[in-house]
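Position in the sequence shown counted from 1, then plus 27, gives you the working numbering.
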Amino acid sequence: EVINATVALIDEPDLGVDEIMAYLPGPDFPTAGIINGAQGIHEAYHTGRGRIYVRARSHVETAEASGKQSIIVTELPYQVNKATLIEKIASLVRGGVIEGISDLRDESDREGMRIVIVLKKDAFPQVVLNKLYVHTLMQTTFGVINLALVDNQPRVMSLKETMQEFLNFR
28 EVINATVALI
38 DEPDLGVDEI
48 MAYLPGPDFP
58 TAGIINGAQG
68 IHEAYHTGRG
78 RIYVRARSHV
88 ETAEASGKQS
98 IIVTELPYQV
108 NKATLIEKIA
118 SLVRGGVIEG
128 ISDLRDESDR
138 EGMRIVIVLK
148 KDAFPQVVLN
158 KLYVHTLMQT
168 TFGVINLALV
178 DNQPRVMSLK
188 ETMQEFLNFR
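This is the structure in structure tokens:
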């Protein structure tokens, strides 16, 4: 995608940031997660600064035998440590900050990550999930400052300016 955007800028030097964004809709974090809203990406690409909100990818499963619901976390935001997150959730449950969780397990294996948060019968999954977003690193902010040296001077640049400087360098 980056190469396609660069080739497009070579072919059409008058492309604006919005046209380049058609090739690069957003950052591709290695641990995945879900980017929550496009405003931060838009700001970062246009001004060189922005805040991108990233959430863990999760879904709710219901056990057929018991009927208990569980929140299953399969991806974490970039730079969030799984073991630290599990410890934090356990601490919040013990401290009474988050209610409605009866068990917490790490079922990750070589197939992928899987954190299982078993809920109590009377708990509402979305309420518990929202509390987890607020009190843990299941939702984080990734700050973007697109800073580079141009003519030996530090400069914060838009996406187009960064790409143009790269092309000038090459």
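Ideal placement from N, C-alpha and C gives every residue a C-beta, glycine not left out.
- The beta carbons of V87 and T167 sit about 21 Å from each other, so the pair does not count as a contact at 8 Å.
- Setting aside the 5 residues that flank it on each side, E134 is surrounded in the same chain by R141, V143, each with a C-beta closer than 6 Å to its C-beta; the list follows chain order.
- Under the three-state reduction of DSSP, G123 is assigned to coil, being neither helix nor strand.
- Taking a C-beta distance under 8 Å as the contact criterion, G122 and L146 do not qualify as a contact pair.
- Shown here, S118 sits in a helix according to DSSP, grouped into three states.
- Taken through DSSP and simplified to helix, strand or coil, Y80 comes out as strand.
- Under DSSP, G139 takes part in a beta bridge, and its partners are D136.
- By the CB criterion at 8 Å, K95 and K148 fall inside the cutoff.
- Nearest to L176 by alpha-carbon distance, out of G170, E188, Y50, F169, is E188.
- Nearest neighbour of A110 by Cα position, chosen from V34, R132, L51, R137, turns out to be R132.
- Within the model, the alpha-carbon separation for R197 versus N108 is close to 37 Å.
- If you look at T58, you'll find it isn't in any beta strand (DSSP E); DSSP assigns it neither H nor E.
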